[in-house]
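Here's the structure we're looking at; comments come further down.
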Amino acid sequence: MSDSKYDLVVIGGGPAGYAAAMRAIDFGKRVCLIEKSKVGGAGLYNGALSSKTLWELSQRVKNVNETIVSIGRDKFELSWDEVRKTLEEAIFERKFQYSCHIKLLKTNRADLFTYARGFGKIIDPHTVEVSKEDGEVEEFSTDYITITTGSSPRTIPNIAVDEKIIMTSDGIDQIDDFPESLVIVGAGVIGCEYATIFSNFGKTKVYLIDRGDHILPFEDDDISHIVAKNLEKHGVTIHHKASLERMEVIDGKVEYEIVCDGKKEIIRVEKALLSVGRVPNLKGIGLEELGIEMGKSGRHIGDDDTQTNIPNIFAAGDV
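Terminal number for the sequence shown in numbering that gives the first Met the number 0: 318, no gaps in between.
Right, here's the structure in full:
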């Protein structure tokens, strides 16, 4: 057991967890931030920063091409190596900022801030256990606990994800080159975002599988209509009211079978991206033992003000 008692222990060092820890320090509270992997979470690695950087690059390429093609010039193109370099620079810059900030806190606010690297598990409402890579286990006593363990891409039963040919958002920015063709399963925000990105670059034929009447089902109809028209304008094929019957890798390519309006169609593409939502990272952190209740569909553990059914335990962010 750590000799000191903390006002707050934060499990998970992604955007929500880091913000919670820093805000508590602003109020003069003693904080322990626990992170099993890399500070920054999905907001920095394989998540928001990557997709927004890709979107911005692709939008600039599209805007330039709309101008120069109209005056008879050849299209401007970026290689994937150039795109990857820009992504890596953006990630490194943010990673460096986190690293410097943590070092500064350890030096100047050691009385308030502790960073623990390892897997955090809630033992009781006032104790968190951290299992470190070297096998050491340390316990931290605290008044309050915030769960900010983030989420991971949801997968589809019977579809094998290797993050090389059939991918989730965790692997899409690790590809070696622009694919000649790409099918995106799921027409929600993330699916439409990547459909926009790859169609903007102009090097990939994009197919988007939408099981409903229209894409972006949680947005207003007029927004959905505008986005769909924009995607189709840039060559995206949208399979509306489509049921995905099968997807598998054959001879290094992705073959998928869909049924639309009773008609079966089989299409082969180079890559596939599964974009069917995300699931909270809750395994092994002690929720069931403590009786912390899940919300509807198992997606949320905090109510509207992030407090769980245990008064001193809160949840924030994707979880």
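Virtual Cβ for every residue (Gly too), placed ideally from N, Cα, C.
* To do: Have a look at D169 and R153 and give me their C-alpha separation to the nearest angstrom.
  => The count along the sequence shown starts at 1 and reaches residue 169 at position 170. The count along the sequence shown starts at 1 and reaches residue 153 at position 154. If you take the alpha carbons of D169 and R153, they lie about 11 Å apart.
### Query
DSSP three-state call for T52: helix, strand or coil?
On the sequence shown, position 53 is the one that residue 52 refers to. Note: T52 maps to helix in three-state DSSP.
Beta-ladder partner(s) of I266, from DSSP:
As a first step, residue 266 is located in the sequence shown; it is residue number 267 there, counting from the start. I266 is bridged to Y255.
V248 beta carbon less than 8 Å from that of K165: By one-based count along the sequence shown, residue 165 stands at place 166. By one-based count along the sequence shown, residue 248 stands at place 249. The sequence given here has Ile at residue 165, not Lys. Contact flag set, yes.
Can L207 and E269 be called in contact, C-beta distance under 8 Å? As a first step, residue 207 must be located in the sequence shown, where it is residue number 208. As a first step, residue 269 must be located in the sequence shown, where it is residue number 270. No.
Let's see if you can read the secondary structure: which residues bound the beta strand (DSSP E) around Y193?
The residue labelled residue 193 in the question sits at position 194 within the sequence shown. Element bounds for Y193: not the beta strand (DSSP E) but the alpha helix (DSSP H), 188–200.
Notebook entry, point to check: Do the CB positions of I196 and L43 come within less than 8 Å of each other?
Noted result: Translated into the one-based positions of the sequence shown, residue 196 becomes position 197. Translated into the one-based positions of the sequence shown, residue 43 becomes position 44. It is not a contact, given that the beta carbons lie outside the stated cut-off.
Beta carbon of G319 nearer than 8 Å to that of L215 = Since the first residue of the chain shown is 0 and the last is 318, residue 319 is not available in this structure.
Could you tell me which of K282, I158, E65 sits nearest to M246, measuring between CA atoms?
-> Numbered from its first residue, the sequence shown carries residue 246 at position 247. Residue I158 is the option with its Cα nearest to M246.
According to the Cβ coordinates, are V275 and V184 closer than 8 Å? By one-based count along the sequence shown, residue 275 stands at place 276. By one-based count along the sequence shown, residue 184 stands at place 185. Yes, the pair counts as a contact, with Cβ atoms nearer than the cut-off.
Notebook entry, point to check: Can the beta-carbon of T387 be found closer than 8 Å to that of L7?
Noted result: Residue 387 lies beyond the range of the chain shown here (0 to 318); nothing can be said about it.
Measure the C-alpha to C-alpha separation of G297 and A47 and round it to an integer number of angstroms.
-> Position 298 of the sequence shown, counted from the first residue, corresponds to residue 297. Position 48 of the sequence shown, counted from the first residue, corresponds to residue 47. Any reading at G297 needs caution, since the residue's pLDDT is 47, under 50, leaving its predicted position unreliable; the model's value is listed next. Those two C-alpha atoms are separated by around 23 Å.
*Proximity below 8 Å, CB of A315 to CB of T305*: Here the question's residue 315 lines up with position 316 in the sequence shown. Here the question's residue 305 lines up with position 306 in the sequence shown. Cβ atoms of A315 and T305: closer than 8 Å.
Minimum length 3: unbroken beta strand (DSSP E) runs contained in the segment 56–144
112–116, 118–123, 126–130
*Contact check, I237 vs D220, beta carbons under 8 Å*: One-based indexing of the sequence shown puts residue 237 at position 238. One-based indexing of the sequence shown puts residue 220 at position 221. No. Outside cutoff.
_Environment of L103 [buried if 16+ CB atoms lie within 10 Å]_ = In the sequence shown, counting from the first residue as 1, residue 103 sits at position 104. Exposed, because fewer than 16 other Cβ atoms sit within 10 Å of the Cβ of L103.
Anticipated Cβ contact below 8 Å, I284 with I146, distance rounded: For the purposes of this step, residue 284 is taken as the residue at position 285 of the sequence shown. For the purposes of this step, residue 146 is taken as the residue at position 147 of the sequence shown. Right, the Cβ-Cβ distance comes to about 7 Å (below 8 Å), so this counts as a contact.
ask   = Are F200 and S57 touching if we call contact CB-CB under 8 Å?
value = Residue 200 sits at position 201 when you count from the first residue of the sequence shown. Residue 57 sits at position 58 when you count from the first residue of the sequence shown. Closer than 8 Å, so yes.
Output yes or no for whether 8 Å exceeds the beta carbon distance between S198 and R277. For the purposes of this step, residue 198 is identified with residue 199 of the sequence shown, where counting begins at 1. For the purposes of this step, residue 277 is identified with residue 278 of the sequence shown, where counting begins at 1. The answer is no: Cβ separation not under 8 Å.
Assuming the contact rule is C-beta atoms closer than 8 Å, I10 and G119 should be a hit. Round their C-beta distance to whole Å, please. The residue given as residue 10 occupies position 11 in the sequence shown. The residue given as residue 119 occupies position 120 in the sequence shown. Sure, about 4 Å apart at Cβ, within 8 Å.
>> Tell me the DSSP secondary structure of G13 in three-state form.
In response: Mapped onto the sequence shown, residue 13 falls at position 14. Coil at G13, not helix or strand.
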